[in-house]
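Participant: Following this message is one structure expressed as structure tokens.
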DNA sequence: TCGATATAATTAGGCAGCTAACTAAGTATC
DNA sequence: GATACTTAGTTAGCTGCCTAATTATATCGA
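Residue numbers (the numbering used here), protein chains in the order written: chain S, 14 to 161; chain W, 14 to 161.
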């Protein structure tokens, strides 16, 4: 980054690098074949206590396109992590639900992620995180609104 | 994000979302077929004043794998943006240089990116950026060191 | 000098994200 | 009720990123 670049550009650049580092740190500890995207789906069901969701609901929850979600869900179904059934109330839609294997996999991933997370908490000062959190949330809100 | 998640997790999640928003905002204004990755390569040459670099030098400058850089450079060469020649001093290596079209494209991209950048500076308070910059830099440094 | 090791780049295969274009099904309007 | 519009999902094709394995060239050491 040159000193002549706008500061906003530097901020976005740092953010990109941090995202890359975090994603790869997490991906490295996940079971072979599991990705952050797939874990996120598993986690979503358990955390929000949903029994079943439609692909479109999942896509908009994660702000990704429907084709991307179709693709991820297909992979997860092949791996036995979710079950996809037609929606009895709407012929256009489908219902996605976790399988027992999906629940187990989520627990396994959580356990594996605790390592990197602990490492972060050991190395990153708590006040740095505390200062970043609200400011990043604010920036995200602003950028979200700017899309219109 | 649940309230029970560690704050560090929230921070990384926000960072991922912001990265996605920024990348797509920039990609949207770039000329058809141009990507942020390709623009970054173009920009690298001009900003650092390099005449030519090897693919490996570029890969490590951006912290991406060599196969990824091979791929991006191949695309850029097909588009006429760079010229790739064997290194006369090392038979294993190659030299990548910008073409005139590459310079022109970089200027064009810069002009197009000024729109989103101006929008950001109009909507995001300067002090928010100023507060984020050093803290993100710090976090990035720490996470970079944690890889060892 | 020759064999072992290291480095540069590529190829093959895989996941995630996107847009564009398509099918099927529900809804609304005339 | 027939037509038009909207919504859910998929398919096709693209980019970017990755790891593993391969090829070719350098380099180092015995």
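For every residue, glycine included, the Cβ atom is placed at its ideal position computed from N, Cα and C.
Tell me, which residues are paired with residue 109 of chain S by DSSP?
Facilitator: S:66, S:97
Participant: Which residue's Cα is closest to the Cα of residue 61 of chain S: S:161, S:110, S:133?
Facilitator: S:110
Participant: Round the Cβ separation of residue 82 of chain S and residue 68 of chain S to the nearest angstrom and send it over; I've been treating them as touching at under 8 Å.
Facilitator: 5 Å
Participant: Compute the Euclidean distance between the alpha carbons of residue 100 of chain W and residue 114 of chain W, then round it to the nearest angstrom.
Facilitator: 22 Å
Participant: Contact criterion: CB-CB distance below 8 Å. Does residue 121 of chain S meet it with respect to chain W?
Facilitator: no
Participant: Where does residue 102 of chain S land, buried or exposed, given buried means 16+ other C-beta within 10 angstroms?
Facilitator: Exposed, because fewer than 16 other Cβ atoms sit within 10 Å of the Cβ of residue 102 of chain S.
Participant: Would you check if the segment 136–153 of chain S and the segment 137–152 of chain W touch, i.e. whether three or more CB-CB distances between them fall below 8 Å?
Facilitator: Yes, the segment 137–152 of chain W touches the segment 136–153 of chain S.
Participant: Judging by CA-CA distance, which residue of S:20, S:117, S:157 is the nearest neighbour of residue 47 of chain S?
Facilitator: Checked all of S:20, S:117, S:157; the closest Cα to residue 47 of chain S is S:117.
Participant: 8 Å is my cut-off, CB to CB: does residue 24 of chain W come that close to chain S?
Facilitator: yes
Participant: Quick check on the burial criterion: 16 or more other C-beta atoms within 10 angstroms. Buried or exposed for residue 32 of chain S?
Facilitator: buried
Participant: Pair every Cβ in the segment 116–131 of chain W with every Cβ in the segment 50–60 of chain W, then say whether three or more of these pairs are closer than 8 Å.
Facilitator: Three or more beta-carbon pairs drawn from the segment 116–131 of chain W and the segment 50–60 of chain W are found closer than 8 Å, and the two stretches are therefore classed as touching.
Participant: Report the neighbours of residue 2 of chain W on chain S: residues whose CB is nearer than 7 Å to its CB, in chain order.
Facilitator: This structure gives no information on residue 2 of chain W, because the portion of chain W shown stretches from 14 to 161.
Participant: Of the residues S:70, S:145, S:30, S:52, which one's Cα is nearest the Cα of residue 75 of chain W?
Facilitator: S:30
Participant: Suppose you measure from the CA of residue 93 of chain W to the CA of residue 84 of chain W; what does that come to, to the nearest Å?
Facilitator: Roughly 14 Å between the two C-alpha positions.
Participant: Taking the C-alpha atoms as reference points, what is the distance between residue 127 of chain S and residue 19 of chain W?
Facilitator: 11 Å
Participant: For residue 70 of chain S, go through chain W and note every residue whose CB falls closer than 9 Å to its CB, in chain order.
Facilitator: Result: empty, since nearest Cβ-Cβ is about 17 Å, beyond 9 Å.
Participant: Between residue 87 of chain S and residue 78 of chain S, is the Cβ-Cβ spacing less than 8 Å?
Facilitator: no
Participant: Are there 16 or more other CB atoms within 10 angstroms of the CB of residue 66 of chain W, so buried, or fewer, so exposed?
Facilitator: buried
Participant: Whose C-beta lies closer than 7 Å to the C-beta of residue 36 of chain W among residues of the same chain, with five residues either side of it excluded?
Facilitator: Listed in chain order, the non-local C-beta contacts of residue 36 of chain W below 7 Å within the same chain comprise 49, local neighbours out to five positions each way being set aside.
Participant: Can you tell me the Cβ-Cβ gap for residue 34 of chain S and residue 157 of chain W, rounded? I've got them flagged as a contact below 8 Å.
Facilitator: 7 Å
Participant: Assign residue 45 of chain S to buried or exposed, taking buried as 16 or more other Cβ atoms, counted over all protein chains shown, within 10 Å of its Cβ.
Facilitator: exposed
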